[in-house]
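Student: Residue numbers (UniProt numbering): 1 to 317.
Just so it is clear, CB atoms sit at the ideal spot from N, CA and C, and this is done for glycine as well.
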């Protein structure tokens, strides 16, 4: 029976019962209305309204659950689908909504994969140009300045050495940026070494003490999974440097019963109710690509903790 006919039948039944009670029962209405008659009619009306409300509440409860699911759904935080329940068109409506969510999540994952793939390709191109063009140019400038400084008078030589140091610092910074754009150490030495290099590259002037707790005997991972783990760790450490005002940060990677867990924990100021920025949403999109779950919240004792739970192949969610 459709929802319309169910509600119509419900109200028709209530009105029919009320009419039958007035026609066949001992209840009469005098003019003017007596107090006892008013009480009986009020009680009857109240009973009918309560019965009608209860029945409608039970019949429309699945729609209310579906409405809550519609208002709270976030494609970056997949949740269990609403249970298919009810009668008439309601189960079909819930099934259609669940199918729509499946399609939207699949389309978002596909588009995010294309966008992130293009982003990684652009990062590699920029890193290559920084290394091959600007890096080589600055190296040539350093060699030329050294040659000039060797033949310059002492006062000018001191100034040239100062310029050499500034140029060398710029060259080191360009190489550091190129390494962040294209994690060559990830391709050459593996995930553990790449994660160690992230903490080793934290600038000394930041006064942040970084520690690693990385298991070495890790299972073989797909290239995409390793890249997601690396980028999430990289973004988390970058957020710590920029926003946390922390003194200590710990990066850990360990096995769990269902897969691997990456955790970045600091002792900084914490989230303090701040809305998620583009960096965290980007981490969530990367996590969805490998079926992982990203959790960002407060750390025990204060600070922020970013946790990425990655299921192993054959154990995907």
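Of all the options 123, 233, 93, which has the alpha carbon lying nearest to the alpha carbon of residue 64?
Tutor: The candidate whose alpha carbon is nearest that of residue 64 is 93.
Student: Output the distance between the C-alpha atoms of residue 266 and residue 299, rounded to the nearest integer angstrom.
Tutor: So the alpha carbons of these two residues sit roughly 7 Å apart.
Student: DSSP three-state label for residue 252, please.
Tutor: Three-state result, residue 252: strand.
Student: For residue 211, which of helix, strand or coil comes out of DSSP?
Tutor: It is a strand residue.
Student: Hey, residue 233 and residue 262 are a contact pair by Cβ (cut 8 Å); roughly how many whole angstroms apart?
Tutor: Sure, about 6 Å apart at Cβ, within 8 Å.
Student: Compute the beta-carbon to beta-carbon distance between residue 251 and residue 226, rounded to the nearest angstrom, for a pair I have assumed lies under 8 Å.
Tutor: Wrong, their Cβ atoms sit about 15 Å apart, outside the cutoff.
Student: May I have the straight-line CA-CA distance separating residue 238 from residue 99, to the nearest angstrom?
Tutor: Rounded to whole angstroms, residue 238 to residue 99 spans 38 Å at the Cα level.
Student: I'd like to know if the stretch 277-296 and the stretch 76-84 are in contact, where contact means that at least 3 CB-CB pairs between them fall below 8 Å.
Tutor: Enough Cβ pairs lie closer than 8 Å, so yes.
Student: Quick one: Cα of residue 304 to Cα of residue 235, how far?
Tutor: So the alpha carbons of these two residues sit roughly 13 Å apart.
Student: Using a Cβ-Cβ cut-off of 6 Å (strictly less than) and excluding sequence neighbours within five positions of residue 113, which residues of its own chain qualify?
Tutor: Excluding sequence neighbours, residue 113 sits near 289.
Student: I'd like the list of long-range same chain contacts for residue 316, defined as Cβ closer than 7 Å, with 5 residues on each side in sequence excluded.
Tutor: Unreliable placement is indicated for residue 316, whose pLDDT of 42 sits below 50; the coordinate value is still reported in the next sentence. Here the set comprises 291.
Student: Nearest to residue 87 by CA position, among 108, 81, 60, is which residue?
Tutor: Among 108, 81, 60, the Cα nearest to that of residue 87 belongs to 60.
Student: Does the count of Cβ pairs from the stretch 110-124 and the stretch 139-159 closer than 8 Å reach three?
Tutor: Not touching, per the Cβ criterion.
Student: Start and end of the beta strand (DSSP E) containing residue 261?
Tutor: Note, residue 261: beta strand (DSSP E), 259-266.
Student: Round the Cβ separation of residue 131 and residue 178 to the nearest angstrom and send it over; I've been treating them as touching at under 8 Å.
Tutor: That belief holds up - the Cβ atoms of residue 131 and residue 178 are roughly 5 Å apart, short of 8 Å.
Student: Assuming the contact rule is C-beta atoms closer than 8 Å, residue 308 and residue 191 should be a hit. Round their C-beta distance to whole Å, please.
Tutor: Not really, about 13 Å apart at Cβ, beyond 8 Å.
Student: Would a C-beta distance cut-off of 9 Å place residue 231 and residue 201 closer than the cut-off?
Tutor: Contact: no.
Student: Express the C-alpha separation of residue 162 and residue 171 in angstroms, rounding to a whole number.
Tutor: Whole-angstrom Cα-Cα distance: 14 Å.
Student: My output table needs one value for residue 73: the three-state DSSP class, helix, strand or coil.
Tutor: DSSP places residue 73 in coil when its eight states are reduced to three.
Student: Considering only the alpha carbon of each residue, which of 108, 116, 44, 165 lies closest to residue 224?
Tutor: Of the listed residues, the one whose Cα sits closest to residue 224 is 116.
Student: Looking at C-alpha atoms only, which residue of 259, 193, 50 is the closest neighbour of residue 219?
Tutor: Here the closest residue by C-alpha is 259.
Student: Do residue 208 and residue 241 come within 9 Å of each other at the CB atom, strictly closer than that value?
Tutor: Closer than 9 Å, so yes.
Student: From which residue to which residue does the alpha helix (DSSP H) around residue 150 run?
Tutor: Residue 150 -> alpha helix (DSSP H) spans 136-151.
Student: From the DSSP output, which residues share a beta bridge with residue 310?
Tutor: Paired residue(s): 260.
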